[in-house]
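Notes for the one structure printed next.
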Amino acid sequence: MLKSSLSVNEMTLCFCEMAEIWPWVEVSPWQKRKIEALSRAYWPGALKISLKKKKQSMFLPCEGDIVSVVCVKNRQIRSIISLLKGPLVVIPAGCQQNTSHLVSFTRAREYMGDMVDLVVPSNSKVSNKEATTHISLLDDKLSIIRHGEIEISEDL
């Protein structure tokens with residue numbers, strides 16, 4: 000279940016509920032208000048938000064101090080997250096600047112070692128034609144990284 004994200008090379012942490020993101024991200028009061036408003040309108044759903052990682056989550060082997068978060072709608076993925084009792088980490092399809100291959104269990108293990116418990120393949124017969132809308136709230140500014148299924152105004 001991997002999609003390309005326009006040269007954005009950050010991991011996505013998938014959650015079931017908004018309240019689960021706070022231990023993983025560092026947010027300003029402005030960002031927290033925006034996240035709360037956006038989550039009421041669009042989560043669970045196809046909205047991914049880039050935020051600054053908390054120091055405790057710096058162990059995640061992804062470049063920089065930015066991570067994306069999303070509250071997923073898919074029932075099977077929500078079940079996996081509930082069983083894991085923590086977020087499901089999605090590696091970008093183009094990680095390590097190689098956009099020609101999707102991430103396999105072997106590549107994920109090479110990149111992240113034994114932190115990878117499983118790779119969830121997508122064998123959905125109904126593929127989602129629309130991409131997830133990806134926004135950033137970094138520097139207390141809403142910017143759209145990728146337009147997708149959800150229409151978000153930068154004036155929000």
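The opening residue of the sequence shown carries number 0 in numbering that gives the first Met the number 0; numbering runs sequentially from there. Glycine included, each C-beta is placed from N, C-alpha and C at the ideal position.
Roughly how many whole angstroms lie between the Cα atoms of L136 and S142?
For the pair L136 and S142, the Cα-to-Cα distance works out to about 7 Å.
Between the alpha carbons of A130 and R145, how many angstroms are there, rounded?
Linking A130 to R145 through their CA atoms gives a straight-line distance of about 8 Å.
Measuring only the C-alpha atoms, how far is K52 from I80?
Roughly 19 Å separates the two Cα atoms.
Since V156 and T105 are thought to touch, with beta carbons under 8 Å apart, how far apart are those beta carbons, to the nearest angstrom?
Limits of the chain in this structure are 0 at one end and 155 at the other, which puts residue 156 out of reach.
How would you call F14, buried or exposed, if buried means at least 16 neighbouring beta carbons within 10 angstroms?
Label assigned to F14: buried.
Starting from S38, trace the alpha helix (DSSP H) in both directions and tell me its first and last residue.
For S38, the enclosing alpha helix (DSSP H) begins and ends at 28 to 41.
Check for me: the alpha helix (DSSP H) holding L82 runs from which residue to which?
For L82, the enclosing alpha helix (DSSP H) starts and ends at 74 to 83.
Could you check whether S67 and S49 sit closer than 8 Å to each other, using their CB atoms as the reference points?
A contact, by the Cβ cut-off of 8 Å.
Would a C-beta distance cut-off of 8 Å place V71 and P43 closer than the cut-off?
Inclusion of V71 and P43 in the CB contact set at 8 Å is warranted, their separation being smaller than that value.
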